[in-house]
Amino acid sequence: MKFRVSSVKFAAVIVGLGALLMAGPAHADKIHIAGEKTTFYTVAKKYGVGVSALMKANPEVNPLNLFPGLRLVVPVSDTPSAPAKMQVLSKDQAASLTEEQDLKTVEAWGKLFSYEKSLQVKATAYSSAASENGKWGAVDYFGNPLKLGTIAVDPDVIPLGTKVLVTGYSHPGLPKQAFVATASDKGSAIQGNRIDIFIPGSQNFVSEFGFQYVQLYIIK
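For the sequence shown, the residue numbers in mature numbering (1 follows the signal peptide of the UniProt record, and there is no 0) are -28 to -1, 1 to 192.
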């Protein structure tokens, strides 16, 4: 009798192990080899994944220093329904934002923009709160009231007055997919490939933006 019970337990263990093996991840992460114009945004767009997810999968990679031959890990979801959902999202994005690198044009909301160059920058966001704007209050560098479409830049990288198309971000206080902004503000903390995006709303709401790597197109 003891032998039979032990046999049953052994069989149950084998079945359990088999079930665990069958339930294991069915997909492995992909590897993307960077080219001369590769950015986290272009890779995320190609594979239909989020830029933040791509950054988490490559914690030791500097998004502002991608070089040809660099191997980037592209995360693949283990959830069966996720790829289909992500594919739908990527199709929607492609319909509203299309880039032609050879012609240096980018299309957003059915409108075609010609651009001089594109660059990836690290972005933060700020509100109209007095603590974020100093003694001058909620105005840009030229004294104009802050509004949606105002961004602070490093003038040595992006000259003041430059029009840009901002893409690759995620925040409910900003237009979906892309928006046109003017480099009309600057700040001591905004140096190099950095921008600060003005978003209307409370400080708590705006702070949800955090740090994000976004793609800019310098519009002609």
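Beta carbons: idealized from backbone N, C-alpha and C, even for Gly.
Fair warning: this is a prediction, and the values are worked out from it, not measured in the lab.
Just checking, does the region 101 to 117 make contact with the region 155 to 173 on the three C-beta pairs under 8 Å criterion? As far as the Cβ criterion goes, the region 101 to 117 touches the region 155 to 173, which means the pair count is three or higher.
Could you tell me how far apart the beta carbons of Gly140 and Gln187 are, in whole angstroms, since I believe they sit closer than 8 Å? Here the question's residue 140 lines up with position 168 in the sequence shown. Here the question's residue 187 lines up with position 215 in the sequence shown. 4 Å between Cβ atoms; contact.
Looking at the structure shown, is Gln175 part of a helix, part of a strand, or coil, going by DSSP? Numbered from 1 along the sequence shown, position 203 holds the residue referred to as residue 175. Gln175 falls in the helix class under three-state DSSP.
What does Asp157 pair with, by DSSP beta-bridge criteria? Residue numbering aside, residue 157 sits at position 185 when the sequence shown is read from its first letter. The secondary-structure analysis by DSSP pairs Asp157 across a beta bridge with Ala124.
Assign Thr70 to one of three DSSP states: helix, strand, or coil. Numbered from 1 along the sequence shown, position 98 holds the residue referred to as residue 70. Residue state, collapsed to three classes: strand.
Cutoff 6 Å; reference Ser100; Cβ partners in own chain excluding five residues on either side: Position 128 of the sequence shown, counted from the first residue, corresponds to residue 100. Close CB contacts of Ser100 within its chain, under the 6 Å cut and outside five residues either way in sequence, are with Ala110, Leu118 (chain order).
Distance check for Lys83 and Phe12, CA to CA, integer angstroms please. Along the sequence shown, read from residue 1 onward, the residue named residue 12 stands at position 40. Along the sequence shown, read from residue 1 onward, the residue named residue 83 stands at position 111. Approximately 24 Å between the Cα atoms of the pair.
Simplified DSSP assignment, three categories, for Leu61: As a first step, residue 61 must be located in the sequence shown, where it is residue number 89. Legend: pLDDT at Leu61 = 32, less than 50; position of this residue unreliable, no value from coordinates given.
C-beta atoms of His143 and Ile162 nearer than 8 Å: Against the sequence shown, residue 143 aligns to sequence position 171. Against the sequence shown, residue 162 aligns to sequence position 190. It is not a contact, given that the beta carbons lie outside the stated cut-off.
Member of Glu88, Tyr98, Pro147, Tyr19 whose CA lies at the smallest distance from the CA of Ala80: Here residue 80 corresponds to residue number 108 of the sequence shown, with the count starting at 1. Considering only alpha carbons, the answer is Pro147.
Cβ-based neighbour list, Phe177, same chain, cut-off 7 Å, excluding 5 preceding and 5 following: The residue given as residue 177 occupies position 205 in the sequence shown. Within the same chain, Phe177 has close Cβ partners Gly145.
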